[in-house]
Amino acid sequence: MKCVGVESTAHTFSVGVVDGDRVLSIESSMYVPSEGGIHPREAADHHAREARGVLDRAMSSAGVGWEDVELVAFSQGPGLGPCLRVGATMARAMSASLGVPLVGVNHCVAHLEIGTAVTGATDPVLLYASGGNTQVIAFSNGRYRVFGETLDIGIGNMLDKFAREMGIPFPGGPRLEELARDTGEMVSLPYSVKGMDVAFSGILTAALSLREKGISLEVLSNSIQETCFAMLVEVAERAMAHTGKEEILLGGGVAANRRLQEMCDIMAGERGARCFVPPRNLLVDNGAMIAVTGVRMYRAGVVTPLENSGVRQRFRTDEVEVVWR
Ligand code: AMP
Ligand code: MG
Numbered sequence: 117m118k119c120v121g122v123e124s125t126a127h128t129f130s131v132g133v134v135d136g137d138r139v140l141s142i143e144s145s146m147y148v149p150s151e152g153g154i155h156p157r158e159a160a161d162h163h164a165r166e167a168r169g170v171l172d173r174a175m176s177s178a179g180v181g182w183e184d185v186e187l188v189a190f191s192q193g194p195g196l197g198p199c200l201r202v203g204a205t206m207a208r209a210m211s212a213s214l215g216v217p218l219v220g221v222n223h224c225v226a227h228l229e230i231g232t233a234v235t236g237a238t239d240p241v242l243l244y245a246s247g248g249n250t251q252v253i254a255f256s257n258g259r260y261r262v263f264g265e266t267l268d269i270g271i272g273n274m275l276d277k278f279a280r281e282m283g284i285p286f287p288g289g290p291r292l293e294e295l296a297r298d299t300g301e302m303v304s305l306p307y308s309v310k311g312m313d314v315a316f317s318g319i320l321t322a323a324l325s326l327r328e329k330g331i332s333l334e335v336l337s338n339s340i341q342e343t344c345f346a347m348l349v350e351v352a353e354r355a356m357a358h359t360g361k362e363e364i365l366l367g368g369g370v371a372a373n374r375r376l377q378e379m380c381d382i383m384a385g386e387r388g389a390r391c392f393v394p395p396r397n398l399l400v401d402n403g404a405m406i407a408v409t410g411v412r413m414y415r416a417g418v419v420t421p422l423e424n425s426g427v428r429q430r431f432r433t434d435e436v437e438v439v440w441r
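Okay, so the sequence shown: first residue is 117 according to the working numbering, each after it adds one.
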């Protein structure tokens with residue numbers, strides 16, 4: 117079943133074309149703020165400007181004609197309202213003009229579904245570490261339950277904010293990873309695991325004040341990574357122990373980090389479990405994960421009528437009834 121998926125929750129506007137679980141194309145355009153953090157209105161304007169070009173490129177590189185499209189899926193939330201509305205509007209228009217059904221997809225759920233579509237994972241605990249989101253998610257009792265999550269900002273936002281204060285442009289995460297590789301040294305930062313949840317803003321504050329005291333950028337980058345990733349791996353491991361699941365799956369842009377991948381792999385190995393990492397273009401926000409999830413939902417009988425297709429900025433992972441598993 118051929119489906120066009122539209123992603124527009126935050127920085128990235130992306131369209132993916134799939135045939136069932138098979139990814140045929142992904143085309144994306146990322147909004148990069150000229151200064152400071154993401155400005156929702158500016159990001160939405162970027163998405164509106166880029167939408168047509170991204171869609172045309174995705175269709176042509178998939179080698180799929182409009183007459184072949186059987187389904188349209190879009191990211192319904194969670195995310196920034198103005199950004200979400202650009203993708204939703206385009207998806208509604210496509211669905212209406214092609215006369216094919218529309219499916220609204222939860223963005224966090226889509227990170228898990230694409231992972232199971234392209235890696236060998238079947239029933240994983242997902243460690244979803246991205247700019248705006250940080251959650252540990254697993255299937256239990258008909259839904260994807262959030263076993264742990266950030267109590268303040270997403271881990272990627274924290275990395276990007278720290279980087280910005282250091283004069284490193286967005287996205288800062290990859291550059292901090294390089295800096296961290298140049299040293300084996302680390303300083304102590306607040307390790308903030310509260311129950312199954314994590315918090316990052318205290319670490320950011322502490323790191324900034326240590327920088328003022330003259331600790332090098334390399335050592336701070338390494339310390340931030342070691343501390344934050346250890347927190348994430350601890351919570352993910354406890355979710356695995358609690359649910360009895362034997363797979364960990366990574367998702368989100370921060371999961372492109374080699375050190376985080378290595379730590380997850382070690383943890384999995386020590387418990388006789390397996391660690392799965394999708395390729396980078398499917399870890400970051402992309403339209404194909406939305407399309408793959410849309411097909412899975414549609415095949416289980418889910419459609420989103422026009423009157424229910426409004427965007428949901430605070431759409432929770434565990435609100436979705438997972439009828440397709
Ligand atoms: P996403 O929100 O999933 O689109 O991912 C974007 C986030 O991933 C940004 O905060 C980036 O700084 C972060 N990121 C991308 N690559 C890396 C990396 N290698 N290490 C750490 N963070 C990364
Ligand atoms: Mg994401």
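Glycine is no exception: its CB is placed at the ideal position from the N, C-alpha and C atoms.
So the candidates are the options; which of them puts its Cα closest to the Cα of residue i?
i, options, result
"Gly-231", "Asn-424, Phe-392, Val-309 and His-358", "Phe-392"
"Ala-416", "Glu-437, Thr-359 and Cys-199", "Glu-437"
"Gly-248", "Ala-254, Thr-128, Glu-435 and Glu-166", "Thr-128"
"Met-175", "Arg-430, Glu-143, Leu-242 and Ala-296", "Glu-143"
"Ala-279", "Leu-324, Gly-179, Gly-264 and Leu-243", "Leu-324"
"Lys-471", "Val-134, Ser-130 and Ala-126", "Outside the modelled stretch of the chain, which goes from 117 to 441, sits residue 471, for which no answer is possible."
"Ala-371", "Gly-272, Gly-179 and Val-309", "Gly-272"
"Glu-353", "Met-379, Arg-173 and Ser-339", "Met-379"
"Ile-319", "Pro-240, Tyr-307 and Glu-328", "Tyr-307"
"Gly-369", "Ser-246, Pro-421 and Glu-435", "Ser-246"
"Ser-141", "Ala-212, Glu-166, Met-282 and Leu-171", "Leu-171"
"Leu-187", "Ala-207, Gly-169, Arg-168 and Pro-194", "Ala-207"
"Asp-313", "Ala-226, Gly-121, Gly-270 and Val-303", "Gly-270"
"Asn-106", "Tyr-260, Asp-298 and Ser-317", "This structure cannot speak to residue 106, because the chain is shown only from 117 to 441."
"Asp-239", "Gly-426, Val-419 and Ala-389", "Ala-389"
"Leu-218", "Asp-268, Ile-406 and Glu-435", "Ile-406"
"Gly-462", "Gly-264, Glu-265, Pro-194 and Leu-333", "Shown here, the chain extends from 117 to 441; a query on residue 462 therefore has no answer."
"Ala-357", "Ala-315, Glu-166 and Ala-384", "Ala-384"
"Val-419", "Glu-123, Ala-189 and Glu-386", "Ala-189"
"Gly-153", "Leu-275, Leu-326 and Arg-165", "Leu-275"
"Arg-430", "Asn-397, Trp-182 and Pro-194", "Pro-194"
"Val-241", "Val-234, Glu-166, Val-262 and Phe-316", "Val-262"
First and last residue of the alpha helix (DSSP H) that includes residue i?
i, result
"Ile-331", "Note, Ile-331: premise wrong, no alpha helix (DSSP H); not H, not E."
"Thr-409", "403-415"
"Met-175", "156-178"
"Ile-271", "271-281"
"Gly-385", "374-386"
"Arg-297", "289-297"
"Gly-203", "197-214"
"Leu-422", "That residue, Leu-422, is in no alpha helix (DSSP H); it is neither H nor E in DSSP."
"Glu-305", "The identity of residue 305 in the sequence shown is Leu, whereas the question assumes Glu. First-last for Leu-305: undefined, no H or E at that position."
"Arg-396", "396-399"
How is the beta strand (DSSP E) around residue i delimited, first residue to last?
i, result
"Gly-220", "218-222"
"Gly-367", "363-367"
"Leu-243", "241-245"
"Leu-187", "187-193"
"Arg-259", "259-265"
"Arg-430", "Taken as a continuous stretch (DSSP letters only), Arg-430 belongs to no beta strand (DSSP E), as it is neither H nor E."
"Ser-256", "250-256"
"Asp-135", "128-135"
"Met-146", "138-146"
"Phe-120", "For the record, residue 120 in the displayed sequence is Val; it is not Phe. Start and end: 118-123."
"Phe-392", "390-392"
Exposed or buried, residue i, counting other C-beta atoms within 10 Å across all chains shown (16 or more means buried)?
i, result
"Pro-285", "exposed"
"Lys-329", "exposed"
"Arg-428", "buried"
"Lys-310", "exposed"
"Tyr-220", "It should be noted that the sequence gives Gly, not Tyr, for residue 220. It counts as buried."
"Val-439", "exposed"
"Leu-422", "exposed"
"Glu-301", "exposed"
"Asp-184", "exposed"
"Ser-191", "buried"
"Ala-296", "buried"
"Gly-121", "buried"
"Gly-283", "exposed"
"Glu-281", "exposed"
"Ile-382", "exposed"
"Ala-209", "exposed"
"Pro-395", "exposed"
"Thr-266", "buried"
Would the beta-carbon of residue i be found less than 7 Å away from any heavy atom of the ligand FAD?
i, result
"Thr-266", "Ligands displayed in this structure: the ligand AMP and the ligand MG; the ligand FAD is not among them."
Does residue i come within less than 8 Å of chain D when only Cβ atoms are used?
i, result
"Asp-161", "In the displayed structure, chain D is absent; only one protein chain is listed."
Touch test, the region 373-388 against the region 410-424, Cβ-Cβ under 8 Å, three pairs minimum: Not touching, per the Cβ criterion.
Exercise answer, beta-carbon shell around the ligand MG heavy atoms below 5 Å: Ser-246 and Asp-401
The region 394-404 touching the region 218-234, judged by at least three CB pairs closer than 8 Å: yes
Cβ pair count under 8 Å reaching 3, the region 192-209 against the region 154-169: Segments in contact, yes.
Touching by the beta-carbon criterion (3+ pairs, under 8 Å), the region 331-349 and the region 284-304: yes
Meets three-Cβ-pair contact criterion under 8 Å: the region 144-151 and the region 177-192: no
Given 8 Å, three or more beta-carbon pairs between the region 347-367 and the region 207-218: Contact between the region 347-367 and the region 207-218 is absent, because fewer than three Cβ pairs lie under 8 Å.
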